[in-house]
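J.:
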Amino acid sequence: MTLRACEEKLTLADCWIKGTAKCVGEENWVDNRTVYIGHREPPPGAEAYIPQRYPDNRIVSSKYTFWNFIPKNLFEQFRRIANFYFLIIFLVQLIIDTPTSPITSGLPLFFVITVTAIKQGYEDWLRHKADNTVNRCPVHVIQHGKVVRKQSCRLQETKAFNTEEEVDTLRATIECEQPQPDLYKFVGRINIYLDGNEPIARPLGSENVLLRGATLKNTEYIYAVAIYTGMETKMALNYQSKSQKRSAVEKSMNAFLVIYLCILISKALINTVLKYLWQGDPGRDEPWYNGKTQSERQRHVLIRAFTDFLAFMVLFNYIIPVSMYVTVEMQKFLGSYFISWDEEMFDEELGEGALVNTSDLNEELGQVEYVFTDKTGTLTENNMEFIECCVDGLVYVPLSVCNGQILPGASGIDVIDSSPEPAKKENEELFFRALCLCHTVQVKEEETVDGIKRGINQGKGTSFYISSSPDEVALVEGMKRLGFTYLRLKDSHMEILNRKEEIERFELLEVLNFDSVRRRMSVIVRSGTGQYYLFCKGADSAIFPRVVSGKVEQIRARVQHNAVEGLRTLCVAYKMLSPAEYEEVCHLLTSAKLALHAREKKLAEAYDVIEKNFILLGATAVEDRLQDQAADTIESLHKAGMKVWVLTGDKMETAAATCYASRLFRRSTQILELTTKRTEEQSLHDVLFELSRTVLRQRRSMLRESLSGLSNDFQDYGLIIDGATLSAVLKPSEDGSSGSYKEIFLDICRNCSAVLCCRMAPLQKAQIVKLIKASKERPITLGIGDGANDVSMILEAHVGIGIMGKEGRHAARNSDYAIPKFKHLKKILLVHGHYYYIRIAELVQYFFYKNVCFIFPQFLYQFFCGFSQQPLYDTAYLTLYNISFTSLPILLYSLIEQHVSMDILKRDPSLYRDISKNSLLCWRIFIYWTFLGVFDAAVFFFGIYFLFDDATFTSNGQMFGNWTFGALVFTVLVFTVTLKLALDTHYWTWINHFVIWGSLLFYVVFSLLWGGIIWPFLNYQRMYYVFMQMLSSGPAWLSIVLLVSVSLLPDVLKKVLCRALWPTTTEHIQNAEKLYLGQLSEFTPLSSQCTTPHRSGEAPSCSQRRSESFPKKLTYSGWNHNSDYHTVRPSPGFGNDFQPSDSGYTLGRPGLETSV
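In numbering that gives the first Met the number 0, the protein residues as written are 0 to 1155.
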């Protein structure tokens, strides 16, 4: 059976196009995999036919199934301490005689479990929908010479494919390595059996593999063989397993619950001991009206004591706020819609806004300390633009001069008419031809791709360029704008249209593909005159050492100049080959390609021999434009106290240029390199310790200056590390110790303002995140990316954010949050994350506070009722306190509270530092809230106890009863905790007023109804007319007002004194907001203002950025009247910055805010 993969739906598996080679994979992959094309047995004499079964092509990113949802979800929920605790309490109430009904514990627990299960089930259902969309993609499978349409998830065996006509006659096997996660490595071979002869073997490598998720753009369809399917594909192997992420707030909640559980056990234990001590006096034994049964009298004292202990546990169990969890779940679920509804995070181009895939981590957005970001497609637009090229010291900028007229975009350029010498003209055209030939660009007829129509000749509807590398497309398009147009590759011949409208044909003989070690690529072509050329382009560090002639110094200076401006640079060189030299090159390449062992090493050796003795032609400069406001976003993250790491698979030079452009690195930043090149010159041990001494010396210098009061200006460090060196750093030492270099590496990173990790494999990105997570500080990490290779990093980080980019939706689908552009990260962290954290921190502390206020009077009451387990409150009050009377105000607070306005949070990122490191849920604040609750509870209980001690309650002489006492304590309690929340509210709306005052009104109305009606379904009516009699007494009203005021007074005084004497940054802002509402205030960041000096008579302007054109002195060279280019002749001392002149500014050094 064979499979035909269509262009639109090529998301099936890793596909082999032509063939593969013998397995020389990782050490962990011992066995080979043999695939029989079409299940055809090889001819006699070949290897034995062994049918094999492989997994189907289904991808699973969801957590639950229909069958395991209930048990798995219940297991996860009962891992929470509060849920498990209330389950035990509920079972105890069912088993033994307790002072309260099982409903008081069972009903809230059932409500919490049900709401949480519905929320998590709904979120997982959305993941199932996304998986089904992918798994039901149509697949065309060839069976018996016919194309059959199937679903992707039903492709159960690994099959082979060629053309439909040849399927019935093709006999071949593919041997390849077992599935492994390296995206850039594949080794295998194909054996083709023809007419019983010896099989023909062809070596194959990674260039023959299409990864899952790839999209065909240079052909309508292909015939291929699926060698890995489903969860065995390379992309799936790079996915980390989905684990339940838990926020720092939830961990704090669990820790607080453990403390309160210990308090609960202590309370129950104390009351049990005191009960038996009190009953030890014969005169204080059980009263006559509460006689024991015979079975109770015969029960052992330890059993009776244990039963009493459990009864006290049930009585005091409300100190554990089970309703807090359901309130937190509702707050997270409802609050997540604020991200989805945010119009500022809606992208018009995509037609989509931000998405929330899981709401469990909302508050974690306000605690991020490390941001790990991809580069291409995340920081940049992944759109390359050709800027200029330099040939023999002349700089060519396309489309600035056309037909002798200066274009509007080049109005500030001085044009000098001079033409290069004939020798330079020949080198110029050879340079243009080299860039038109040295690439892997494909030409396709114009059609709609990704919803956009594209073509070479706009308006003519001809064709357009596509390539796996956007750089190559930009270079080829740049050459077209300079007069040389690449037309097509046809019958192994590359066709070029030159300036004279003549078609030149070159036979493509060999392609020496780019790799990350060589950092260059080459092609060997034969011209129409029979001359052999080897054209090579690559990084300057890979080209300059292999050059023997050319204007090296001038071109090197221009390359350095462009690198400072943040442009991606490549150098171009060539050499002529004689026929004998070409034959020798062919022999070297063929023997290396056919090697079944150490093929990569032999190819590298062959390339090293071939690519040398070059003549340097020139260099190019291409810009991968940053996304809109990307630099501003990174700068805001730095001001907010976050460390930003860029993890990319790109080469170091390209990534470093982007880091300069995005202000991750500044001009003053001293770059520390930890790369393969440096570790080849020195040992890894020496390099690490040298870097460590450098940063530690700076740390000691800063410490001395801070102690002496001197200037605290310090050197800013940035670290660059590549994937190979990172593997060596993380590799365990030979003596068995776990990573002896890890701590040194982490110490270096802590003292660097930014880190760039280049040439990173997807799993290495996850390893970096895991390394930082496991460091002693335990920081909160965030991973953000746009492609499938970022999924591991996103899943490993505490918070994963996917960009809805051009590389598919793998990252967005597997992330916790998805945003259209990188710039939206600023608002989702600095605004939404800030709000989420302060809201939920108040919610958690408030819940513990109000439950202490609620249950501590019950504990005190036992000292006045002989430890008889008599409840202070009625059952209705016990059940509804957390569910109805006090739940809505805090829920609404946790949804809409704004302690400062959104504009201020965006304008002053430093406010984010005030809530970092879980500062609002630290032990100091937790203890304060707990003691405040104990104080208020003591005021409620003892205040009412002493105010009404031995006093008549009504004018008819009726005495003060225990249910009236409990109702009065409960009334003061409800009013105090509700007004406490009102005092903490900064952002008042009509909804706040309605909910807060409405909750108090509801309590009063409910109490009147509950105590004013004989309920037929109740077997007791102990609260009948109690509440109305209480309100009919003037002293009761006075005591309520007095005790509420006394309870709130300490907290009010504390806030007033702290604001006056020790105000926080946020409190400064709150005061300033009232004074400077709508104006530029004292706390406005200086970076938002323009401080660049300017000449007199000119309007002040901000420093130029890389995307703005610097004035340049141009030389116009006219080879043809319709030529479309111009050149720049550098001033003497080429490569230095231009100086100001009388006529105007020329190129000068960038200012402090310049993106470099």
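Built from N, CA and C at the ideal position, the CB exists for glycine as well.
#1: Does the count of Cβ pairs from the segment 476-490 and the segment 554-567 closer than 8 Å reach three?
#2: Evaluate residue 620 with the Cβ neighbour count: other Cβ atoms within 10 Å of its Cβ, from every protein chain shown; 16 or more gives buried, anything less gives exposed.
#3: Looking at residue 477: is its Cβ nearer than 8 Å to the Cβ of residue 388?
#4: Quick one, which of 124, 88, 121, 125 has its alpha-carbon nearest residue 109's?
#5: Name the residue from 580, 68, 105 whose alpha carbon lies nearest to the alpha carbon of residue 86.
#6: How many Å lie between residue 740 and residue 729 at the Cα?
#7: On the CB-based measure, 16 or more other CB atoms within 10 Å of its CB, does residue 763 come out buried or exposed?
#8: Nearest by alpha-carbon distance to residue 765: which of 743, 786, 793 is it?
#9: Restricting to Cα atoms, I'd like to know which of 552, 97, 780 is closest to residue 916.
#10: Leaving aside the five residues before and after residue 591 along the sequence, list all residues of the same chain whose C-beta is less than 6 Å from its C-beta, in chain order.
#11: So, at 7 Å on beta carbons, what are the nonlocal neighbours of residue 271 in its own chain, with the 5 sequence-adjacent residues on each side left out?
#12: Is residue 529 helix, strand or coil when you go by DSSP?
#13: Using a threshold of 8 Å, state whether the C-beta atoms of residue 187 and residue 203 are closer than that.
#14: Should residue 992 go down as buried or exposed, given a rule of 16 or more other Cβ atoms within 10 Å for buried?
#15: Residue 885 to residue 892, Cα distance in whole Å?
#16: Just to confirm, is the Cβ distance from residue 82 to residue 76 under 8 Å?
#17: Quick check: the Cα distance between residue 392 and residue 229, rounded to an integer number of angstroms?
#18: How close, in whole Å, do the beta carbons of residue 255 and residue 925 come, if the pair is a contact with beta carbons under 8 Å?
#19: Assuming contact is defined by CB atoms lying nearer than 8 Å, are residue 319 and residue 84 in contact in what I supplied?
#20: On the DSSP bridge list, what partners appear for residue 798?
#21: Please confirm if the segment 343-357 is in contact with the segment 743-754, defined as three or more CB-CB distances below 8 Å between the two stretches.
#22: Determine the extent of the alpha helix (DSSP H) in which residue 502 is found, giving its start and end residues.
#23: Quick one: any contact between the segment 925-945 and the segment 849-861, if contact means 3 or more CB pairs under 8 Å?
#24: Please confirm if the segment 1030-1049 is in contact with the segment 897-909, defined as three or more CB-CB distances below 8 Å between the two stretches.
#25: Does DSSP put residue 380 in a helix, a strand or coil?
#26: Would you decide whether residue 589 is buried or exposed? Buried here means 16 or more other CB atoms lie within 10 Å of its CB.
#27: Whole angstroms is fine: what's the gap from residue 549's alpha carbon to residue 396's?
#28: Among 501, 231, 1070, 534, which residue has its Cα nearest to the Cα of residue 611?
#29: Alpha carbon to alpha carbon, what distance is there between residue 468 and residue 383?
#30: Just checking my contact of residue 328 with residue 115 at CB under 8 Å: how many whole Å lie between their CB atoms?
#31: Hey, how far is the Cα of residue 923 from the Cα of residue 355?
#32: In terms of residues, what are the limits of the beta strand (DSSP E) holding residue 274?
#33: Within a Cβ cutoff of 7 Å, which residues of the same chain sit near residue 888, ignoring the five residues on either side of it in sequence?
#34: Do residue 1043 and residue 969 come within 8 Å of each other at the CB atom, strictly closer than that value?
#35: Okay, do the segment 712-727 and the segment 662-678 touch, 3+ Cβ pairs below 8 Å being the bar?
#36: Do residue 782 and residue 795 count as a contact pair if the criterion is CB distance below 8 Å?
T.: On the basis of the coordinates in this document:
#1: no
#2: The residue given as residue 620 occupies position 621 in the sequence shown. With 16 or more Cβ atoms within 10 Å of its Cβ, residue 620 is classed as buried.
#3: For the purposes of this step, residue 477 is taken as the residue at position 478 of the sequence shown. For the purposes of this step, residue 388 is taken as the residue at position 389 of the sequence shown. Contact flag set, yes.
#4: Translated into the one-based positions of the sequence shown, residue 109 becomes position 110. Ranking the options by Cα distance to residue 109, first place goes to 88.
#5: Stepping through the sequence shown from its first residue, residue 86 is reached at position 87. Of the listed residues, the one whose Cα sits closest to residue 86 is 105.
#6: Looking up residue 740 in the sequence shown gives position 741. Looking up residue 729 in the sequence shown gives position 730. Whole-angstrom Cα-Cα distance: 7 Å.
#7: In the sequence shown, residue 763 corresponds to position 764, counting from 1. Answer is buried; the Cβ neighbour count reaches 16.
#8: Within the sequence shown, numbered from 1, the residue matching residue 765 stands at position 766. Selected option, being the one with the closest Cα: 793.
#9: As a first step, residue 916 is located in the sequence shown; it is residue number 917 there, counting from the start. Checking every option, the nearest Cα to that of residue 916 belongs to 780.
#10: The residue given as residue 591 occupies position 592 in the sequence shown. Cβ within range, chain order: 601, 602, 605.
#11: Position 272 of the sequence shown, counting from 1, holds the residue named residue 271. Cβ neighbours of residue 271 beyond the five flanking positions: 304, 307, 308, 311.
#12: In the sequence shown, the residue the question calls residue 529 occupies position 530. Looking at residue 529 - three-state DSSP - the assignment turns out to be coil, as it is neither helix nor strand.
#13: Here residue 187 refers to the residue found at position 188 when the sequence shown is read from its first residue. Here residue 203 refers to the residue found at position 204 when the sequence shown is read from its first residue. Contact flag set, yes.
#14: Working through the sequence shown from its first residue, we reach residue 992 at position 993. It counts as exposed.
#15: The residue given as residue 885 occupies position 886 in the sequence shown. The residue given as residue 892 occupies position 893 in the sequence shown. Looking at the two C-alpha atoms, the distance is approximately 12 Å.
#16: By one-based count along the sequence shown, residue 82 stands at place 83. By one-based count along the sequence shown, residue 76 stands at place 77. It is a contact, given that the beta carbons lie within the stated cut-off.
#17: Here residue 392 corresponds to residue number 393 of the sequence shown, with the count starting at 1. Here residue 229 corresponds to residue number 230 of the sequence shown, with the count starting at 1. Taking the straight line joining both Cα atoms gives about 53 Å.
#18: One-based indexing of the sequence shown puts residue 255 at position 256. One-based indexing of the sequence shown puts residue 925 at position 926. Right, their Cβ atoms sit about 6 Å apart.
#19: As a working mapping, residue 319 is identified with position 320 in the sequence shown. As a working mapping, residue 84 is identified with position 85 in the sequence shown. Yes, these two residues count as a Cβ contact at 8 Å.
#20: Locating residue 798 in the sequence shown gives position 799, where the first residue counts as 1. Note: residue 798 sits in a beta bridge opposite 781.
#21: no
#22: To locate residue 502, count along the sequence shown from 1; it is residue 503. No alpha helix (DSSP H) holds residue 502; the beta strand (DSSP E) holding it covers 502-511.
#23: yes
#24: no
#25: Position 381 of the sequence shown, counted from the first residue, corresponds to residue 380. Three-state DSSP puts residue 380 in a strand.
#26: Counting from 1 along the sequence shown, the entry for residue 589 is found at position 590. When all chains shown are included, residue 589 counts as exposed.
#27: For this step, residue 549 is matched to residue 550 along the sequence shown. For this step, residue 396 is matched to residue 397 along the sequence shown. Rounded to whole angstroms, residue 549 to residue 396 spans 21 Å at the Cα level.
#28: On the sequence shown, residue 611 is found 612 positions in, with the first residue counted as 1. Measuring from the Cα of residue 611, the nearest candidate turns out to be 534.
#29: For the purposes of this step, residue 383 is taken as residue 384 along the sequence shown, with counting starting at 1. For the purposes of this step, residue 468 is taken as residue 469 along the sequence shown, with counting starting at 1. Residue 383 and residue 468: Cα-Cα distance of roughly 9 Å.
#30: Against the sequence shown, residue 328 aligns to sequence position 329. Against the sequence shown, residue 115 aligns to sequence position 116. Indeed, because the Cβ distance is near 5 Å, the residues count as touching under 8 Å.
#31: By 1-based counting over the sequence shown, the position of residue 923 is 924. By 1-based counting over the sequence shown, the position of residue 355 is 356. Cα-Cα distance, rounded: 33 Å.
#32: Reading the sequence shown from its first residue, position 275 is the one you call residue 274. No beta strand (DSSP E) holds residue 274; the alpha helix (DSSP H) holding it covers 247-278.
#33: As a working note, residue 888 is residue 889 in the sequence shown. 977, 980, 994, 995, 998, listed in sequence order.
#34: Your numbering for residue 969 matches position 970 in the sequence shown. Your numbering for residue 1043 matches position 1044 in the sequence shown. No, Cβ-Cβ distance for residue 969 and residue 1043 is not below 8 Å.
#35: yes
#36: Start at 1 with the first residue of the sequence shown, and residue 795 comes out as number 796. Start at 1 with the first residue of the sequence shown, and residue 782 comes out as number 783. Yes; because the gap between Cβ atoms is below 8 Å, this pair is in contact.
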